[in-house]
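Written below as C-alpha cells is the structure these notes are about.
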Amino acid sequence: MRAYLRLSGKEKHVETCQFNTVGQVKVIARSAEDLMTSLENGKYEFRLHVIKDALQKNKNTTSYSDNVLVPAGETKRNPQKIYENKGKLSSYLASMQKIMQLRTQLEDQDKELRNLVVLKFHNKEIKWDNFFYDTENFRKAFNYLSTSPGHPICLHGRIKSINMPTERFPYHSISLYSPYIEQADKDNIKRIPSASIVIYDESLVKEIEQKFEEGAKNIAICSDVSHWASEIKEGGKSKEKLQYLNLQGKLNRKKQIYMY
Numbered sequence: 101m102r103a104y105l106r107l108s109g110k111e112k113h114v115e116t117c118q119f120n121t122v123g124q125v126k127v128i129a130r131s132a133e134d135l136m137t138s139l140e141n142g143k144y145e146f147r148l149h150v151i152k153d154a155l156q157k158n159k160n161t162t163s164y165s166d167n168v169l170v171p172a173g174e175t176k177r178n179p180q181k182i183y184e185n186k187g188k189l190s191s192y193l194a195s196m197q198k199i200m201q202l203r204t205q206l207e208d209q210d211k212e213l214r215n216l217v218v219l220k221f222h223n224k225e226i227k228w229d230n231f232f233y234d235t236e237n238f239r240k241a242f243n244y245l246s247t248s249p250g251h252p253i254c255l256h257g258r259i260k261s262i263n264m265p266t267e268r269f270p271y272h273s274i275s276l277y278s279p280y281i282e283q284a285d286k287d288n289i290k291r292i293p294s295a296s297i298v299i300y301d302e303s304l305v306k307e308i309e310q311k312f313e314e315g316a317k318n319i320a321i322c323s324d325v326s327h328w329a330s331e332i333k334e335g336g337k338s339k340e341k342l343q344y345l346n347l348q349g350k351l352n353r354k355k356q357i358y359m360y
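Per my numbering, the very first residue in the sequence shown carries number 101; after that it's consecutive.
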C-alpha cells in the first residue's frame with residue numbers, strides 16, 4: 101500500500117518530510133522561484149506558461165554537454181547558436197515532476213494541492229480539473245483540449261504496453277489503459293478515450309523499460325497533448341459504433357514523467 105500525503109495538522113513535520121504536503125510545496129517553490137511564487141494568502145502560484153516555454157525550447161533545440169542549446173539543424177560552431185540557461189530549464193521540469201509526484205500520492209485527490217497551489221497560464225487561472233487527468237477523466241481531457249486552451253496538461257494512468265517503432269511510426273511509444281466505457285452516447289457511438297505517450301528521446305527508452313519491468317506500472321506526464329478522433333467503425337455484432345478519442349503526450353525530457 102502506498103503512503104499518502106496529508107496537510108500538516110497538529111503534528112509538526114520537517115519541510116522535506118514526505119508526509120508534510122505544505123513543507124513539500126515550500127521546498128519545490130524554493131527550487132524554482134521563476135516558476136512558483138508565494139502569494140499573500142499562503143498559497144503559491146504555479147506558472148504553466150513557464151513550463152510550456154521550457155518544453156518548446158527543448159523541442160526546438162539540441163542540447164550539448166557544454167550547456168549550450170543549439171537550434172535543430174544548426175551546429176555548435178554556427179554563429180546563430182542560442183545560449184540558454186540549461187540548468188533553469190531542467191529545474192523547471194524537475195519542479196513539475198515533483199508536483200506530479202505529490203498529486204499522485206495525495207489521498208484526497210487534488211483537494212490538498214488545490215488549497216495550496218494556484219495554476220496560472222499567463223494571466224488566466226486554470227482549474228486543477230483542467231490540468232491533471234486520471235484515467236477515468238481522459239474523456240474530459242479530450243473535450244477540454246478541443247477548446248484549444250494552449251497550456252500543457254498532465255495525463256496519469258496505468259501502462260498497458262511499451263511499443264516498438266514501426267515502418268509507419270519511427271518512435272517508441274507507451275500505451276495507457278483506457279477507462280471502461282459501458283454505454284454508447286445518444287447517437288449510438290461508443291467513444292473510447294485512448295491515451296499514449298510518444299518517446300522522442302530514444303535515450304530514455306531503456307530506463308523506462310527497466311522501471312516498467314521492476315514494477316513501475318503507473319506513469320504521469322506533463323506535456324503539450326495532441327488530440328484527434330478516429331474514424332467511426334462498425335461495432336461488429338452489436339449495433340453500436342466505435343470511435344477512439346486519441347490523446348498523445350510528447351516525451352522529450354526525462355523529468356516530464358513520474359513513474360511508480
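Glycine included, each C-beta is placed from N, C-alpha and C at the ideal position.
One Cα belongs to Q310, the other to I262, and the distance between them is close to 11 Å.
With fewer than 16 other CB atoms across the displayed protein chains lying within 10 angstroms of its CB, N223 is exposed. Going by beta carbons, L202 and A154 fall outside the 8 Å limit.
Ranked by Cα distance from R147, the options N141, S195 and G123 are led by S195. In its chain, beyond the 5 residues on either side, M136 and Y144 have a beta carbon closer than 6 Å to the beta carbon of A129. If you look at A329, you'll find it in the beta strand (DSSP E) that goes S326 to A329. Taking C-beta separations shorter than 6 Å and ignoring five residues to either side along the sequence, the partners of Y360 in its chain run A316 and N318, following chain order.
In the three-state DSSP reduction, T235 falls in the helix class (H, G or I). Q348 sits in a strand when the DSSP states are folded into three classes. A straight line joining the alpha-carbon of I226 with that of N120 spans about 25 Å.
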